[in-house]
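Protein chains in written order, with my numbering: chain A, 1 to 386; chain B, 387 to 1074.
Following this line, the structure appears as structure tokens:
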């Protein structure tokens, strides 16, 4: 029922136009969307083949800016043409996503990317073909549109699945609700997908740094031990590869509150890559690095030398797979790791070990070894990789 | 009692056929006095009592009993065979006389299961005294004793048809013949005396009727009730016989259609039993070149024949005989044969008997003798084949291939192949009325069987699909369909695409005569099935005819076509013939696969265009929702552009992205391509 109610106004949306005054951000996004549509109309009138130039989102079009110390998107674009057999469908999908976003802005609603997928999915008239077969087909198109319009996902009234949590010595205001992150119980504050200033404001804080851990299980350990209280910090996790909400929040904490960010991640290529994304930005979202990358973020652990240093037993190790070795070599080759000797040594040592270590493996020493000894010791010794 | 006597009689007559050979006196049952004393070892007959019953059997009697040998096994086949023999004779006569043939075929129902067939030509006519012999005597003709390409061979056909008519209806054969505009015409009613194999003239107390030329003649024709289309010269034969008329595969209509394909120089007029007339106008005014008569080639002569030839020859010496009776035997070759046979070149032919003939025969086989001259065989020719096929079979693509002459067993022959691809099929072309009639006439027990038997190219699978679409039961009797069901069936037959699962329609010809029965036993069918059609872009399951909307025509022209039986229904599979068949089929297959590839390209282009068109609607709608542009106008513009774009792209690149030269799609001369989208064939299912 609810679904139908949401859909039916879609058919008559243009009549709603101008009914509500739009926020300035929305006005800008809307004009960009209209600009995109206008290229099609003009091209058709001038009898030219319509096309969109989508900035290339791949390693080839990503440049490591040495002075800014994060990834930047290059100028290369992919031309997506309507009258190209291989691109016709994705062109159509791009336009479809644009029209869906326009509808969301008109109605000032937001939806998840999955919601948008369902909003736009239908059978193409006169065929048995679907506009989108799976959400995997839809998501990249959304990212393309973000890059093309130079609009953020939230500006298109879209959000991704919420992932990641925060506790610590900070009080924030989220859509007008005051939230004391030191009183969040065991669950913590779920970091929303959109954490821009108009949604979340920092009210006050006493934290001295941010500790970001890889996943929920480790985060629980730290929260239960009230690590954030004893060390006066903010504790976050991103459920593996952190979503952009978490990254953006870390970035804001770092830049606005000048808090250093420390990362506690697994000792495996995946962990290195998570650090790399937090620090330099991701290849896929290189266009957002400016707002997300934290070049000063530090890699606290686990280190490949921890096996000997912490006297771990071989039973807690996991053997490296061929894929892991390949990935490790790729990461060692990234320009932002290539000229850092400690990192080269770190990766070489892991390959030499032939195994990886998870943060949880420290539990074998003692349940609270990680919170009571490992992390405090690293911080005290200023022992981290940069 | 009656039952026990019957087989005995048959036994006796079989003995007699073996003529004098069986005098061992095995008893005929006639003398037996019943089953009461079965064990008595009494002699049932003596040599004397048998001798009383042994006598000569005339050819006519033999064939009267064994009519299936001549193609009169059932009423349906009898009708067709009669028409076929008459038409064959008509065409042979016209061509020999150098006249462009015009043939009238009239089939008329006189009673249930009884039909009157009239076939008339505009040939040179027949002399008065020859008429009774030609039509009233079996094995009387001009074609048996010569080696020359012609339709008829033995001189059995038409007189056998007359005999069959007489046997089944008691009506005599009626012949009207006229040799010139100012000559008298003759009208005969003839019955064949089966005992003596002799004609018996019935009308005018055994004299026949002479009809004067001009006005008076017209009156006489009317007076005697003779059916006659006024021509300057020609012959009409009318036979009434017990028969069955049925449309569909193997029907008279089919036969005439196929005759028209292979004989595009013939104008056929046809009136069917329902009084519908159909014309097959001639496509070319050129008579096929006159085939030359040749002497037999030594390789093709069997031992017995050789002995007979030796006996009958007028030459005195062996060299004279060899050079005079055979083709390709020069005095030098004759000398070599004689040497090999260890016989003197001057041996008298009269003295060559027994073992010497055998030696001579062997020597001939062992001596190298050149192939016979091949100008005695006149193929239809590629351009004419194309014209003929195009005239009758609606399709998109036609190709013809004529092989150079080759030789089997000393007989020259030519294989020709023509192929038509695409277009609608018989099942799609049939009208609602035609279908109703066919249903009524059919003797199939189920509807599925009816579809399979009546229409070319409809197999079990397609029949099932049609019936499913029509929502009519599979096992329904065809005659019991209600009008509404027929409507649905007709609609389904039009709409179900037959392209897939449709088997090839194979038409076989020997010396321009369509072969309609015993398809499976024929060397032509074997050759077609043994070829791998998959490499030419068709689908084919192992050991069967390929499938697809195909009509394949195969013609074998020869001075002597090796039929497997007297009813001339299947060609025997000599290795040389199979080889030529294969080569001809391959030649046509290559052109077909070229065309299919090109067609696939065109289809890809359409596919591409469709793909754009599908998305254009979505794009237009999306754009309209964003900037309020006029959706329909935008859509129109985009569509126009898409069409331009795709045609540009396709003219320059093929499906692999290679540049193509326009010349590459040049098929050569023996190909005819009809645009399926042309208004004439608007029904072609192309633009899907």
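Using N, Cα and C, we set each Cβ at its ideal position, and we do this for glycine too. Just so it is clear, the structure is predicted and the values come from calculations on it, not from any experiment.
Query	Result
Pairwise C-alpha distance: residue 288(A) and residue 243(A)	12 Å
Unbroken stretches of the alpha helix (DSSP H), 4 residues or longer, contained in the segment 461-537 of chain B	461-482 and 517-522
Contact list for residue 426(A) against chain B, beta-carbon separation under 9 Å	No answer is possible for residue 426(A): it lies beyond the span of chain A, which begins at 1 and ends at 386.
Terminal residues of the beta strand (DSSP E) in which residue 769(B) lies	Here residue 769(B) belongs to no beta strand (DSSP E); instead the alpha helix (DSSP H) covers 768-778.
Interface residues of the segment 93-119 of chain A facing chain B [CB-CB below 8 Å]	95, 96, 98, 99, 102 and 103
Backbone CA spacing between residue 730(B) and residue 795(B) [nearest angstrom]	26 Å
Residue nearest to residue 99(A) in terms of C-alpha spacing, selected from 126(A), 132(A), 62(A) and 30(A)	30(A)
Contact under 7 Å by Cβ, residue 34(A) with residue 50(A)	no
Three-state secondary structure (DSSP) of residue 27(A)	helix
Residue 803(B) beta carbon near the ligand NAD (any heavy atom closer than 6 Å)	This structure does not include the ligand NAD; it has no bound ligands of any sort.
Integer Cβ distance of residue 954(B) from residue 896(B), believed to fall under 8 Å	7 Å
Contact set for residue 756(B): own chain, Cβ-Cβ below 6 Å, skip 5 residues either direction	714
Under the three-state DSSP convention, the category residue 621(B) falls into	strand
Distance CB(residue 265(A))-CB(residue 214(A)) smaller than 7 Å	yes
Proximity to residue 26(A) [Cα-Cα], best of 181(A), 198(A), 267(A) and 96(A)	198(A)
Distance, residue 223(A) Cα to residue 370(A) Cα	12 Å
Proximity of residue 484(B) and residue 563(B) at Cβ, strictly below 7 Å	no
Contacts around residue 502(B), its chain only, beta-carbon distance under 7 Å, and the 5 residues preceding and following it disregarded	494, 496, 624 and 626
Environment of residue 739(B) [buried if 16+ CB atoms lie within 10 Å]	exposed
Nearest candidate by alpha-carbon position, reference residue 97(A), set 149(A), 76(A) and 85(A)	149(A)
Nearest residue (CA-CA) to residue 455(B), options 956(B), 973(B) and 1030(B)	956(B)
Other residues of its chain near residue 701(B): CB distance less than 7 Å, five sequence neighbours each side excluded	707, 710 and 735
Residues from the segment 1007-1036 of chain B in contact with chain A, defined by Cβ distance under 7 Å	1008, 1009, 1011, 1012, 1013, 1014, 1015, 1020, 1023, 1024, 1027, 1028 and 1031
Within 8 Å of chain B by C-beta, residues of the segment 143-173 of chain A in sequence order	none
Uninterrupted beta strand (DSSP E) stretches inside the segment 852-926 of chain B (no shorter than 3 residues)	891-896 and 899-901
Residue range of the alpha helix (DSSP H) that includes residue 447(B)	445-451
Extent of the continuous beta strand (DSSP E) to which residue 201(A) belongs	200-205
Pairwise C-alpha distance: residue 599(B) and residue 569(B)	6 Å
Option in 698(B), 459(B), 463(B) and 797(B) with minimal Cα separation from residue 636(B)	463(B)
Minimum Cβ-Cβ distance from residue 668(B) to chain A less than 7 Å	no
Nearest to residue 851(B) (by Cα), restricted to the options 865(B), 864(B) and 834(B)	834(B)
Check whether residue 580(B) and residue 779(B) have beta carbons under 7 Å apart	no
Within-7 Å CB hit, residue 37(A) to chain B	yes
As assigned by DSSP and simplified to three states, the class of residue 1044(B)	Residue placement at residue 1044(B) is poorly supported in this model, since its pLDDT is 46, which falls under 50; the coordinates are not used for a value here.
Residue 762(B) beta carbon less than 7 Å from that of residue 945(B)	yes
CA-to-CA distance, residue 573(B) to residue 441(B), given in whole angstroms	35 Å
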